[in-house]
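A short worksheet on the structure shown next.
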Amino acid sequence: MTAPDSQQPLRVGVVGLGWAGETAIKAFTGLPGVEVIAAADPRPEQREKISKNYEIAHLHAEYEELVARDDLDIVSVATPTFLHAPVTIAALEHGKHVLCEKPIARSVAEGEAMVKAAIDHQRVLQVVFNHRRRGDVQVLKAYIDQGGLGRIYHAKAMWMRRSGIPQLGGWFTTREMAGGGPLIDLGVHILDMGLYLLNEPEVVAVSAATYAEIGTQGRGGRGDQLAGGAFEVEDLATAFIRLSNGITLQLEVSWAVYGKHGDDFGVALFGTDGGAEIDVVRYSWQDTLRIFTDTGGVPAEIRPQVVRGEGHAGVAREFIDVIRSGNWADHVGREGLRRTQIVEACYQSAQQGREVALVDRAGQL
Ligand SMILES: NC(=O)c1ccc[n+]([C@@H]2O[C@H](COP(=O)([O-])OP(=O)(O)OC[C@H]3O[C@@H](n4cnc5c(N)ncnc54)[C@H](O)[C@@H]3O)[C@@H](O)[C@H]2O)c1
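Per numbering that gives the first Met the number 0, the sequence shown starts with residue 0, numbered consecutively.
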C-alpha cells in the first residue's frame, strides 16, 4: 500500500446522479486537493442537470466506462442499492478507492464480496454514514467517551416518518432493487448512530417484526409517486437487539405510519451515571441534545449548545484523510457490512417469527 503523493490532486468519479450523487459532488468539490472530473448516469436528463451546475470534464452513460478510466483515484457510488456491489467491485478491480452510499448492499453476501474485493485489491472501501457527523452526535460521543453516562446498558434508536415513502412505486419500493424498506434505508443510519455512540459492541441476537400496511394501499408517499409501480417492501419495522455485555437496543423505523412523527429520528441512551437523548425533528440541528444527570442530589437536565456538524462533507473529508494516510487495512467496509448483517438478521427474524443469533462475519474476513 502506498499513500498518494499529497501534492497531487485526488480525482473522483461519481456514479449515479440523483440526490445522493449530487450531494457527493458537493462534498468532494469542497475539499482541498480533490477534484471531481467524471460522472456517470444512464439518464441524459440527470447528466444535463449536473453539467449545468458543476464543471465536470467527463460525463458517461455507462458506469463501466467511468470505473475503467485511468485518470481516476476514487469512485463514489450513489446508485440504487442493487448496483452498489457490481459498481464497487468493478471500481476496486480497476484499482480505485470507493466511497459507497449506505447501505453497503442489499445483502450480507453482496457486502462480503465488496469487502473481499477491497482486501484483495488493497484499496479503501468506506460506506457513507453521514448522520454520525452531526454536531449533536459528536458532542454526545465526546461526553460518553469521557465517562459522562457511566456504563450504558440500554438504548433506543428510531426514525419515523408519517408519510415519507421515497419514490413510491420506483426502485426504493421494489424488493429486488432496494433489498427492503425503511429498515434497510433508514434503519442502517440510525443503527450506525446507536452503535457508534455505544462504541461498537458486538451484536449477539435480534428479534424483529416488519409490516406492510400503508404503502400496499398506495398511500404514504412523499408526493413523488410514480404511477402503477410496486410496493413490495415493509413500511414499518421494529426490533429488539441484544448486544455484548448485556446491553440492549430497541429499534423502530417507518416510512409511513399513522403516528405523531413527520420525519423524525433520534437515539436515547440510558447509563449508570447519566442518560442522553438526541431528538431530531424534521432534520433540525439546534436544541436536539439533552443530557440527564444529577446536580446537588437532584435530577437535572443539560442542553448543550451544538453546531450543525458536517454530514456528507465530514464523511468525504475523513475518507480522503484515510487515503492520504496510506493506512488502509482497517478501512475495507467492515462497519458497513456489520450494519447490513444486523438488517438481514432482522428480516430473517421477522420472517421466521423468532430471535436470530449473529456471529460477526465482517470480523472473519
Ligand atoms: N446518506 C444519505 O443520507 C442518503 C440519502 C439518500 C439516498 N442515499 C443512498 O444513495 C443511493 C441513491 O439514492 P438516491 O436517493 O440518490 O436515488 P435516486 O433515484 O435519486 O438516484 C439514483 C441515480 O442512479 C442512477 N442510476 C441508475 N442506474 C445506474 C447505472 N447503471 N449507472 C449509473 N447510475 C445509475 C439513476 O438514473 C439515478 O439518477 C441509495 O443507495 C440510497 O440508499 C443515501
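Glycine included, C-beta positions come from ideal geometry on N, C-alpha and C.
- For proline 298, the pairing in a beta bridge is given by DSSP as Asp293.
- Boundaries of the alpha helix (DSSP H) harbouring glutamine 340: 333 to 351, taken from the DSSP string.
- In this chain, the beta strand (DSSP E) harbouring arginine 10 covers 9 to 14.
- Remark: fewer than three beta-carbon pairs, one from each stretch, lie closer than 8 Å, so the region 319 to 332 and the region 170 to 184 are not flagged as touching.
- With contact defined as three or more Cβ pairs closer than 8 Å, the region 201 to 209 and the region 138 to 151 are not in contact.
- Taking 4 residues as the shortest admissible run, the region 80 to 161 contains the following complete alpha helix (DSSP H) segments, listed from N- to C-terminal end: 83 to 92, 107 to 120, 134 to 144.
- With a 10 Å radius around the Cβ and a threshold of 16 neighbouring Cβ atoms, glycine 186 comes out buried.
- Here serine 162 has Gly219, Ala255 as same chain residues with Cβ atoms under 6 Å from its own Cβ, once five neighbours each way along the sequence are excluded.
- In this structure, proline 79 places its C-beta atom within 8 Å of the C-beta atom of tryptophan 170.
- In this chain, the alpha helix (DSSP H) harbouring phenylalanine 27 covers 18 to 28.
- Our two residues, tyrosine 257 and glycine 214, have alpha carbons roughly 12 Å apart in a direct line.
- Serine 50 carries a helical assignment under DSSP once its states are collapsed to helix, strand and coil.
- The continuous beta strand (DSSP E) containing glutamate 251 extends over residues 247 to 253.
- Around the Cβ of alanine 23, a 10 Å sphere holds 16 or more other Cβ atoms; the residue is buried.
- Within 7 Å of the C-beta of glutamate 34 there is not a single heavy atom belonging to ligand 1.
- In this structure, valine 14 sits near valine 86, with a CB-CB distance shorter than 8 Å.
- Cβ-Cβ distances below 6 Å link phenylalanine 27 to Val11, Val33, Val35, Ala315 in the same chain, with the five nearest sequence neighbours on each side left out; the list follows chain order.
- Straight across, the Cα-Cα distance linking leucine 71 with glutamate 54 is about 16 Å.
- The secondary-structure analysis by DSSP pairs phenylalanine 269 across a beta bridge with His153, Gly274.
- For the 8 Å CB-CB criterion, valine 358 and valine 114 do not form a contact.
- A Cβ-Cβ contact shorter than 8 Å links glycine 308 with glycine 134.
- CA-to-CA, the gap between histidine 57 and glutamate 212 works out to about 44 Å.
- Beta-bridge analysis with DSSP links glycine 308 to Arg133.
- When DSSP reads this structure, tyrosine 210 sits in a beta bridge with Leu235.
- In the structure shown, aspartate 191 falls within a helical segment according to DSSP collapsed to helix, strand and coil.
- Using a cutoff of 7 Å, the CB of tryptophan 327 does not count as near ligand 1, since none of the ligand's heavy atoms is closer than that.
- When rounded, the separation of the alpha-carbon atoms in histidine 96 and proline 298 is 49 Å.
- Glutamate 231 and histidine 120 have their C-alpha atoms some 36 Å from each other.
- A heavy atom of ligand 1 is found nearer than 7 Å to the CB of proline 41.
- Counted as a single uninterrupted DSSP element, the alpha helix (DSSP H) harbouring leucine 65 occupies residues 62 to 66.
- Annotation for isoleucine 183: the continuous alpha helix (DSSP H) segment containing it runs 181 to 184.
- The three-state secondary structure of phenylalanine 230, taken from DSSP, is coil.
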